[in-house]
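Participant:
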């Protein structure tokens, strides 16, 4: 049975943003061991997400003038919410509160955060405001992209990609989900909310190119939010955002399935920081309403992987259509040489070219590979001007398993299947950046790498 309409669990609950300066304490760590890419013509392939699009289609419903005529987005299932500050709402229960006597607490272990507090679903610091505004930009971008794809291609186009009417409905329902996420985040930020902008997307040659781009954009949002959600001062707001994030993760997997790729070839989802996240999506924002709040995250100089695998280079054809799971040939391998290109700091980028790329790093010497829960470094080679190369390293997610784990097995009925926990570290989406040092960081304190980033990150489609 199909679900119709966007969620109806919204009641009038105006919120006022209370900001206070964020305080951070650097964690200790120990050492360890886009200039626009050269795009393939639109008739043969769709550019990767890391390219600054030069031949583009602009789409959006923002109030400012676009850089080119926007496409009309009239998806059958949902539109960009135009929630005003006065009506931004959060979901609430349907029952009226009842005054009850103080209950006897249920016995529970000591510890935990926020268990005896009244939740406040609003930012509690500047860090919160800027992080959640970034999340809103991401949600609006995804919403507009899905609507654009649904209006760009007709039934015949989807059929050629072996997608049925039911598959198209799933994409339409993703539009509803993203619209609900926008509504939620606007309610948290009200009255200082970001309104829809005009967005610049690559020219998609076919549906597969659109799906490939969409799954990468969705992964950026997933990894970006995962990188900061645990650091929010407002953990109440984080609980709502986490609920939306879990849906985004399912969307990304479904988009890969529609493309015909293996849905989740990884053990863990990598995290990136807010500035890394903003650096990746800012180039796709053409213009924004002037009243939109300013985004104060850094935009690093773009890094481009000139030979990044993407459709139609992926091992797919129109006979290998969408599937629940597909064991495809690898598109990358240890020892593969990546051709890299970057731009010096100072390039105008983003909405109305209102941001300049910046970096505090010195001459780049390393390539940081951000994958799963690991950050691995290799040397930057063959540097000539703003070009160089890097070799994909050979590494495992778990490289030093203890003896009991290496022989771990899982009972299945009367069988005992060995568990191979030696999966390659680099598969699916990997983020790479140029750095001037190889410092030890983890997903939790990845922001300590930012002063050392010279360019990037870029998305490497490793599988």
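In mature numbering (1 follows the signal peptide of the UniProt record, and there is no 0), the protein residues as written are -18 to -1, 1 to 445.
Beta carbons are placed, not taken as given, at the ideal position from N, Cα and C, and that holds for glycine.
Are the CB atoms of residue 435 and residue 420 within a distance shorter than 8 Å?
Facilitator: Cβ distance not < 8 Å, so residue 420 and residue 435 don't count as in contact.
Participant: What separation, rounded to the nearest whole angstrom, lies between the Cα atoms of residue 202 and residue 262?
Facilitator: Distance between the alpha carbons of residue 202 and residue 262: 8 Å.
Participant: Put residue 150 into one of helix, strand or coil per three-state DSSP.
Facilitator: DSSP places residue 150 in helix when its eight states are reduced to three.
Participant: In the region 111 to 195, which residue ranges form an unbroken alpha helix (DSSP H) of at least 4 residues, counting only runs that do not cross its ends?
Facilitator: 137 to 142, 147 to 171, all fully within the region 111 to 195.
Participant: Here's the rule I'm using: 16 or more other beta-carbon atoms within 10 Å means buried, otherwise exposed. How should residue 109 be labelled?
Facilitator: Buried, by the Cβ-count rule.
Participant: Could you name the residues of the same chain whose beta carbon sits closer than 7 Å to that of residue 250, not counting the 5 residues immediately before and after it, in chain order?
Facilitator: Within the same chain, residue 250 has close Cβ partners 354, 355.
Participant: So what's residue 103 in DSSP terms, helix, strand or just coil?
Facilitator: The answer is coil: DSSP assigns residue 103 none of H, G, I, E or B.
Participant: Go ahead and label residue 105 buried or exposed: buried means 16 or more other beta carbons lie within 10 angstroms of its beta carbon, across all protein chains shown.
Facilitator: Residue 105 should be labelled buried.
Participant: If you drop the 5 nearest sequence neighbours on each side, which residues of the same chain put their C-beta closer than 8 Å to that of residue 317?
Facilitator: These residues qualify, in order along the chain: 373, 374, 376.
Participant: Between residue 227 and residue 207, is the Cβ-Cβ spacing less than 8 Å?
Facilitator: In contact: residue 227 and residue 207 (Cβ atoms closer than 8 Å).
Participant: Tell me the DSSP secondary structure of residue 330 in three-state form.
Facilitator: Here residue 330 sits in strand by DSSP.
Participant: Verify whether the separation of the beta carbon atoms of residue 267 and residue 117 is less than 8 Å.
Facilitator: Contact: no.
Participant: For residue 278 and residue 176, which I take to be in contact (beta-carbon distance under 8 Å), what is that distance rounded to the nearest angstrom?
Facilitator: That pair is no contact at about 13 Å.
Participant: Could you tell me whether the region 117 to 127 touches the region 166 to 181, using the rule of 3 or more Cβ pairs below 8 Å?
Facilitator: With a cut-off of 8 Å, the region 166 to 181 and the region 117 to 127 count as touching, because enough Cβ pairs lie within range.
Participant: For residue 319, does the count of other Cβ atoms within 10 angstroms reach 16, so buried, or fall short, so exposed?
Facilitator: Answer is exposed; the Cβ neighbour count stays below 16.
Participant: In terms of DSSP beta bridges, what is residue 355 paired with?
Facilitator: Answer by DSSP bridge pairing: none, since residue 355 is not bridged.
Participant: Taking the C-alpha atoms as reference points, what is the distance between residue 333 and residue 281?
Facilitator: Going from the Cα of residue 333 to the Cα of residue 281 covers about 12 Å.
Participant: Which value, in whole angstroms, describes the spacing of the CA atoms of residue 252 and residue 209?
Facilitator: Residue 252 and residue 209: Cα-Cα distance of roughly 8 Å.
Participant: Compare the C-alpha of residue 192 against each of 364, 237, 347 and name the closest.
Facilitator: Out of 364, 237, 347, 237 has the C-alpha closest to the C-alpha of residue 192.
Participant: List the whole-angstrom C-beta distance separating residue 304 from residue 240, where the pair is believed to meet the contact cut-off of C-beta under 8 Å.
Facilitator: Their Cβ separation, rounded to whole angstroms, is 5 Å, which keeps residue 304 and residue 240 in contact under 8 Å.
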